[in-house]
Amino acid sequence: MTSAVFRFLTKYIPSDTNFINSLFVTAFVIRNNWVVKNNSLLSSLIINKNDGSYQYVLQFLHVLDESDFGYTFEELINLFEFVVSPQDKDVNGAVYTPKYIRTYIEDFCRSRFQGNIQTCKVVDLSCGCGGFLYDMAIRLNKETQKSFKEIFAKHIYGVDIQHYSIERTKILLSLLAISEKEDDDFDFNLWCADSLSFDFTTKIVNYKGFDIILGNPPYVCSKKMLESTKTILRNWSVCSTGHPDLYIPFIQMAMENLSKDGIMGYITVNSFLKSLNGRALRQYLQEKRKLIHIVDFRGKQIFRSRTTYTCLLFIEHKDSDVLYYKIQDNQFLDSPHQYSQFYYADLNFFAGWNLNQTSKIQYLENIGTPIRKFVKSRHGIATLCNKVFIFSPQKETNDYYVLKQDGIEYKVEKDICKDIINPNKFNSDIDLATIVKKVIFPYYKDKTGKINIITEDVMQKKFPHTYSYLQSQRNRLLERDKGAALNYPVWYQFGRTQSLNMPTFKLFVPKIANHAPHCVLVENPDLYFYNGFAFVSENSEELVILQKILESSFFWDYIVNSSKPYSSGYFSISGAYVYNFGIYNFTDEEKEYLLNETDNDLIHIFLENIYFKKSRKKV
Numbered sequence: 018m019t020s021a022v023f024r025f026l027t028k029y030i031p032s033d034t035n036f037i038n039s040l041f042v043t044a045f046v047i048r049n050n051w052v053v054k055n056n057s058l059l060s061s062l063i064i065n066k067n068d069g070s071y072q073y074v075l076q077f078l079h080v081l082d083e084s085d086f087g088y089t090f091e092e093l094i095n096l097f098e099f100v101v102s103p104q105d106k107d108v109n110g111a112v113y114t115p116k117y118i119r120t121y122i123e124d125f126c127r128s129r130f131q132g133n134i135q136t137c138k139v140v141d142l143s144c145g146c147g148g149f150l151y152d153m154a155i156r157l158n159k160e161t162q163k164s165f166k167e168i169f170a171k172h173i174y175g176v177d178i179q180h181y182s183i184e185r186t187k188i189l190l191s192l193l194a195i196s197e198k199e200d201d202d203f204d205f206n207l208w209c210a211d212s213l214s215f216d217f218t219t220k221i222v223n224y225k226g227f228d229i230i231l232g233n234p235p236y237v238c239s240k241k242m243l244e245s246t247k248t249i250l251r252n253w254s255v256c257s258t259g260h261p262d263l264y265i266p267f268i269q270m271a272m273e274n275l276s277k278d279g280i281m282g283y284i285t286v287n288s289f290l291k292s293l294n295g296r297a298l299r300q301y302l303q304e305k306r307k308l309i310h311i312v313d314f315r316g317k318q319i320f321r322s323r324t325t326y327t328c329l330l331f332i333e334h335k336d337s338d339v340l341y342y343k344i345q346d347n348q349f350l351d352s353p354h355q356y357s358q359f360y361y362a363d364l365n366f367f368a369g370w371n372l373n374q375t376s377k378i379q380y381l382e383n384i385g386t387p388i389r390k391f392v393k394s395r396h397g398i399a400t401l402c403n404k405v406f407i408f409s410p411q412k413e414t415n416d417y418y419v420l421k422q423d424g425i426e427y428k429v430e431k432d433i434c435k436d437i438i439n440p441n442k443f444n445s446d447i448d449l450a451t452i453v454k455k456v457i458f459p460y461y462k463d464k465t466g467k468i469n470i471i472t473e474d475v476m477q478k479k480f481p482h483t484y485s486y487l488q489s490q491r492n493r494l495l496e497r498d499k500g501a502a503l504n505y506p507v508w509y510q511f512g513r514t515q516s517l518n519m520p521t522f523k524l525f526v527p528k529i530a531n532h533a534p535h536c537v538l539v540e541n542p543d544l545y546f547y548n549g550f551a552f553v554s555e556n557s558e559e560l561v562i563l564q565k566i567l568e569s570s571f572f573w574d575y576i577v578n579s580s581k582p583y584s585s586g587y588f589s590i591s592g593a594y595v596y597n598f599g600i601y602n603f604t605d606e607e608k609e610y611l612l613n614e615t616d617n618d619l620i621h622i623f624l625e626n627i628y629f630k631k632s633r634k635k636v
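Okay, here's the thing in structure tokens:
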């Protein structure tokens, strides 16, 4: 889409979906010199020349002409997806699927489908504006020689939660039929409903599943999901671990609605391969043991409108002991890349599927002691309202810090404050002192070492300025945790109790990196952190050894082959992707070498030799 068309639609066109539909249909019909007589849906949308809003049609056509905008069916699909509101995109995950992706998915599904094409039923469970169904209608028309009227009535099905998406799918399919001289009213099997709770048996007589299920399930993370949606997710077994994203149940849904010869083809998020919220899905797929092909784009970005890490997932209703996987780091999907084979029996759904250099990865994860057992890790404190608790002092006295909140200055006692950092700010150049802030820490450590909340009466007496400040923020604090803060024992306590007691030594690790990570080792029992995670210990030597390993090119090779990729060559180094790496049971002499060696190249060679038992010079 050209920038001129973009500006026109965003600046001059009313947001009413019915008017937008009318504008697009009218311009499309005019551009193609069609006359619509019998199709009541399209006829109701065409703007008459005598209508006051026809001026918008003329303006739109002018912009299209000036922009050299072809206004093909594909561009119409793109426009329909473009005008979906940002709010709906956030909640429902609507996104335009490029033509070459749809074509590849459809080609794969069609080539693998062994059933009768004359009775084939195709469905998109989150059809959006109908791009996949449009493509499949064309295929079925060519292969079966049936009219579009019959194809729409007997072969094409779709569900979407938005009424305007169903309306636009009907428009798109109707225009397709008109383009082939079928000017008529059509019976559609398109339903405005929530697929998560939709029952096809109530809509389709003698329902036996679908032969081809394809689409682009909604990309909505848990934190953007409506509470009503989260409630429905609990009905799906694949959503029982972590905080599942919305795409996850659509995979189970498809498998449960496949016919005996059916195949599913999705472009979807690839995080389920390793993530905690994908654990139940991995278990489900391993237990079902169906024939699966995965084309993993890893860090390559497929969608222009958002940063999303995707794969193509194909599941056939055929039993198999083997899963097929390949990495596709470019868009040339017709390139002759061979799939690697992985036996379900060898995969670990709990730890995550390592599908790249799996034998090497498995070896490294089975040697020595996993990092998660070698040393403890901690996530940062969770106040659930950092804006209130964490601050950079405006000024200070011997006894007080002064902070500014909503334009007002408040004093807080120094004795109730701790140092705190955000380790995600770390890079090779940054100095620790430049990122240190203060956190109001309403807790104390008793003689047994237990951390306890400071009671309200003690707070008023010992820290009156801090108490007064927190009182000014009381409403904000009570809104935390979606209202659950109303039931906290003490209203100013942190939202979570994690990491309130900190060991002396902390090794901070960045969340993502595009090369061997820069880790920061800090000795300070009173330093707290928020966001990110750290390895912690009262023994500095084990953290120094771990730091040498994590910063080595040897470990980076492991990350590249096992972790979640991001764009521009970045990979995740968060807990789930490092915890399983095995720390070799070094001898005292080998430990001494690691503690003292500073040359990363030599450390790499040393670790290669140690882990893979190659001949090496005596250390």
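Take the sequence shown: its position 311, counting from 1, is numbered 328 in our numbering, and each next residue is one higher. Glycine included, C-beta positions come from ideal geometry on N, C-alpha and C. Bear in mind the structure is a predicted one, so any value in this text is a computation, not a measurement.
Backbone secondary structure at residue i - three-state DSSP
i: Met242; result: coil
i: Asn158; result: helix
i: Trp573; result: helix
i: Pro387; result: strand
i: Ala650; result: No answer is possible for residue 650: the residues shown for the chain start at 18 and end at 636.
i: Ala533; result: coil
i: Ser128; result: helix
i: Gln422; result: strand
i: Leu189; result: helix
i: Phe493; result: In the sequence as presented, Phe is not what sits at residue 493; that position holds Arg. Arg493 falls in the helix class under three-state DSSP.
i: Arg395; result: strand
i: Asp152; result: helix
i: Phe97; result: helix
i: Lys634; result: Its pLDDT being 40, under 50, Lys634 is placed unreliably in this model, and the value from its coordinates should be taken loosely. In this structure, Lys634 counts as coil in the three-state DSSP scheme.
i: Lys464; result: coil
i: Glu413; result: strand
i: Phe177; result: In the sequence on display, residue 177 carries Asp and not Phe. Strand at Asp177.
i: Val53; result: coil
i: Thr34; result: helix
i: Leu619; result: helix
i: Phe25; result: helix
i: Gly295; result: coil
For residue i, the nearest candidate out of the options (CA to CA)
i: Phe458; options: Asn95, Phe408, Pro234, Phe366; result: Phe408
i: Cys402; options: Tyr460, Tyr509, Tyr73; result: Tyr509
i: Tyr341; options: Phe629, Glu197, Lys307, Gln131; result: Lys307
i: Ser394; options: Glu559, Glu333, Ser143; result: Glu559
i: Arg24; options: Lys66, Leu81, Ser60; result: Leu81
i: Gly259; options: Thr400, Ala501, Ala502, Leu298; result: Leu298
i: Val100; options: Asp216, Asn133, Leu58, Cys146; result: Cys146
i: Ser39; options: Asn50, Ser60, Ser579; result: Ser60
i: Ile562; options: Asp463, Leu329, Thr604, Phe546; result: Thr604
i: Pro527; options: Phe511, Asn548, Lys277; result: Asn548
i: Ile398; options: Phe550, Ser288, Leu494, Lys343; result: Phe550
i: Gly279; options: Phe125, Lys163, Phe359; result: Phe125
i: Asn441; options: Ala530, Gln411, Asn365; result: Ala530
i: Glu304; options: Ile284, Gln269, Ser276; result: Gln269
i: Asn49; options: Ser32, Asn35, Tyr460, Gly87; result: Gly87
i: Gln490; options: Cys256, Ser84, Phe406, Phe314; result: Phe406
Which residues DSSP lists as bridging residue i, in chain order
i: Phe7; result: The displayed coordinates of the chain run from 18 to 636. Any statement about residue 7 would go beyond what the structure contains.
i: Ile438; result: Phe546
i: Cys328; result: Thr285, Asp313
i: Glu333; result: Ile280, Leu308
i: Ile230; result: Val140, Met281
i: Val507; result: Paired residues: none, contrary to the question.
i: Ala551; result: Arg395, Phe525
i: Ser589; result: Ile529
i: Lys478; result: None, per the DSSP bridge assignment.
i: Asn274; result: Note: Asn274 sits in no beta bridge, so no partner.
i: Val429; result: Tyr418
Residue-chain proximity (residue i, chain B), Cβ-Cβ < 7 Å
i: Asn626; result: Among the protein chains of the structure shown there is no chain B, as only one such chain exists.
Distance between beta carbons of residue j and residue i, contact taken as under 8 Å
i: Leu26; j: Val42; result: So it is not a contact: roughly 15 Å between Cβ atoms.
i: Ile229; j: Phe331; result: With a Cβ gap of about 11 Å, Ile229 and Phe331 do not count as contacting.
i: Arg493; j: Gly512; result: Not confirmed; about 12 Å, so no contact.
* To do: Spell out a yes or no on whether the stretch 513-524 and the stretch 426-434 are touching, meaning 3 or more CB-CB pairs, one atom from each, closer than 8 Å.
  => No: the two stretches stay apart, fewer than three of their Cβ pairs being nearer than 8 Å.
* Are the stretch 223-241 and the stretch 85-96 touching by the rule of at least three beta carbon pairs closer than 8 Å? -> Because the criterion of three Cβ pairs below 8 Å is not met, the stretch 223-241 and the stretch 85-96 do not touch.
* Sufficient close CB pairs (3 or more, under 8 Å) joining the stretch 162-178 to the stretch 129-141 -> Contact between the stretch 162-178 and the stretch 129-141 is present: 3 or more CB-CB pairs across the two stretches fall below 8 Å.
* To do: Would you be able to state if there are at least three C-beta pairs under 8 Å between the stretch 190-202 and the stretch 44-64?
  => The answer is yes - the stretch 190-202 touches the stretch 44-64, with three or more Cβ pairs under 8 Å.
* **Inter-stretch contact (C-beta, 8 Å, three-pair minimum) for the stretch 501-508 and the stretch 381-394** => Taking a cut-off of 8 Å on C-beta distances, the stretch 501-508 does not touch the stretch 381-394, as fewer than three cross pairs fall below it.
* Stretch-stretch touch, CB-based, cutoff 8 Å, three pairs: the stretch 587-597 with the stretch 406-422 -> No contact exists between the stretch 587-597 and the stretch 406-422.
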